[in-house]
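46 is the number of the first residue of the sequence shown in the working numbering; add one for each residue after it.
Structure first, then comments.
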Amino acid sequence: MSPTDHGYERPAVAGSGAIALGLAASITTLGPVRLLARSDSSAWSAEEELERLCAKVEGGDASRVRLTTDPADLARCDLVVEAIVEDADAKAALIATLGEAAPEADLATTTSSLGIVELGGRAGVGGRFYGLHVFNPVPRMELIELCLPGSLPAAVGGRARAFCGALRKHVVEVPDEAGFVVNRLLFPYLFDAVRLLDELGLEPAEIDACMSKGANQPMGPLRLLDFVGLDVAVAIGEKLHAAGGREDHAPPARLRELVAAGRLGRKSGAGFYEY
Numbered sequence: 046m047s048p049t050d051h052g053y054e055r056p057a058v059a060g061s062g063a064i065a066l067g068l069a070a071s072i073t074t075l076g077p078v079r080l081l082a083r084s085d086s087s088a089w090s091a092e093e094e095l096e097r098l099c100a101k102v103e104g105g106d107a108s109r110v111r112l113t114t115d116p117a118d119l120a121r122c123d124l125v126v127e128a129i130v131e132d133a134d135a136k137a138a139l140i141a142t143l144g145e146a147a148p149e150a151d152l153a154t155t156t157s158s159l160g161i162v163e164l165g166g167r168a169g170v171g172g173r174f175y176g177l178h179v180f181n182p183v184p185r186m187e188l189i190e191l192c193l194p195g196s197l198p199a200a201v202g203g204r205a206r207a208f209c210g211a212l213r214k215h216v217v218e219v220p221d222e223a224g225f226v227v228n229r230l231l232f233p234y235l236f237d238a239v240r241l242l243d244e245l246g247l248e249p250a251e252i253d254a255c256m257s258k259g260a261n262q263p264m265g266p267l268r269l270l271d272f273v274g275l276d277v278a279v280a281i282g283e284k285l286h287a288a289g290g291r292e293d294h295a296p297p298a299r300l301r302e303l304v305a306a307g308r309l310g311r312k313s314g315a316g317f318y319e320y
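Put into structure tokens, the structure is as follows:
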């Protein structure tokens with residue numbers, strides 16, 4: 046496959062969390078990629094994690110990642126994907142910075158719950174901005190929810206589709222609605238599992254066993270919430286609830302209490318389970 050078949054020749058990812066690093070590792074199967082970290086310490090940690098991730102990806106090559114902490118180093122990129130915390134203010138500020146640093150690049154976000162048109166408008170990059178919702182762990186998960194606003198030039202949409210295809214992902218083009226498709230279906234189910242803990246007096250492992258062993262789910266709902274991050278789940282639920290007003294989209298009180306106590310799931314060492 047030639048570079049032009051990839052949609053982009055000089056892609057970059059902005060962020061150093063699990064989604065950003067997973068996406069960068071996947072892109073190394075196509076060629077070089079730049080990774081923008083917010084600090085030297087984040088870059089050092091990212092370098093170590095990328096070595097581990099790329100070793101597990103067929104065709105992955107950590108040496109193809111060029112780490113930087115300076116947005117100016119992205120000036121010649123033709124795609125920059127923002128992949129930081131699910132916070133509208135933080136994302137809009139970073140996307141605006143990326144738009145200025147890479148004036149000719151298409152821009153994308155991995156948001157799982159924020160409006161694409163609204164976010165692009167806030168950042169002032171609406172004419173070249175789209176949603177690229179990948180799933181964690183990115184190298185293993187097959188789906189990308191691709192959100193292409195109606196005002197987006199056809200050429201940008203074509204490059205986005207080619208890029209997703211080059212990554213060998215299954216693409217579903219979704220409307221610009223809060224939570225797209227997966228999270229609108231998934232989070233009411235996850236939140237209901239939290240509510241059942243109190244209603245039925247069961248333990249997390251019992252709820253999870255019912256769904257993993259009885260419904261053949263690869264991971265029970267409470268362990269999945271720990272994997273996603275309880276703070277991330279609350280943020281997504283708040284966006285869904287604000288958009289549609291449905292009570293089953295509102296984060297349960299028990300979930301909020303765990304977040305307030307610093308129990309954010311696997312990343313903090315404790316959530317519904319201890320790690």
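C-beta: ideal position from N, C-alpha, C; glycine also.
It should be emphasised that the depicted structure is a prediction, and the values quoted were computed from it without experimental measurement.
- In the three-state scheme derived from DSSP, where H, G and I count as helix and E and B as strand, E218 is classed as strand.
- Residue pairing by DSSP places F174 opposite L152 in a beta bridge.
- If the five residues before and after V216 are omitted, its C-beta is found closer than 6 angstroms to the C-beta atoms of I189, L191 and C209, all from its own chain and listed in chain order.
- G195 sits away from I281, with the two beta carbons spaced by 8 angstroms or more.
- Bounds of any alpha helix (DSSP H) do not take in L247, whose DSSP letter is neither H nor E.
- A Cβ-Cβ distance of about 7 angstroms is found for the pair T156 and L164, placing them in contact under the 8 angstroms criterion.
- Membership of I129 in any alpha helix (DSSP H) is not indicated, and neither H nor E is assigned to it by DSSP.
- For the pair A120 and L81, the CB atoms are not nearer than the 8 angstroms cut-off.
- By the criterion of a C-beta distance shorter than 7 angstroms, A238 is surrounded in its chain by I252, P266 and L267, once the five residues flanking it on both sides are discounted.
- Residue pairing by DSSP places I72 opposite no residue, since no beta bridge is assigned to it.
- Under DSSP, no beta-bridge partner is assigned to G289.
- For the options I161, Y53, R299 and F232, the alpha carbon positioned closest to that of F174 is the one of I161.
- From the listed residues R291, D85, P297 and P263, the smallest Cα separation to E244 is found for P297.
- Of all C-beta pairs linking the segment 296-310 to the segment 272-279, three or more are shorter than 8 angstroms, placing the two stretches in contact.
- Contact between A150 and L124 holds: CB atoms are separated by about 6 angstroms, below the 8 angstroms threshold.
- Under the three-state reduction of DSSP, V110 is assigned to strand.
- Excluding residues up to 5 positions away in sequence, L119, A120, C122 and V125 lie with their Cβ nearer than 7 angstroms to the Cβ of A147 in the same chain.
- Cβ-Cβ distances below 8 angstroms link L241 to L247 and I252 in the same chain, with the five nearest sequence neighbours on each side left out; the list follows chain order.
- Residue pairing of P56 in beta bridges, as defined by DSSP: L124.
- Sequence-distant Cβ neighbours of T142 in its own chain, meaning closer than 8 angstroms and more than five residues away, are P116.
- In the structure shown, V179 falls within a coil segment according to DSSP collapsed to helix, strand and coil.
- Straight-line measurement puts the Cα of W89 at about 17 angstroms from the Cα of D106.
- In this structure, G60 lies away from A137, with their beta-carbon atoms at least 8 angstroms apart.
- Residue state for E103 is assigned as coil, using DSSP reduced to three classes.
- The beta carbon of G67 sits closer than 8 angstroms to the beta carbons of L98, V179, N181, P182, V183 and P184 from its chain, once the five residues preceding and following it are set aside; these are given in chain order.
- DSSP places E163 inside the alpha helix (DSSP H), whose first and last residues are I161 to A168.
- Taking C-alpha positions only, A287 is separated from R229 by approximately 13 angstroms.
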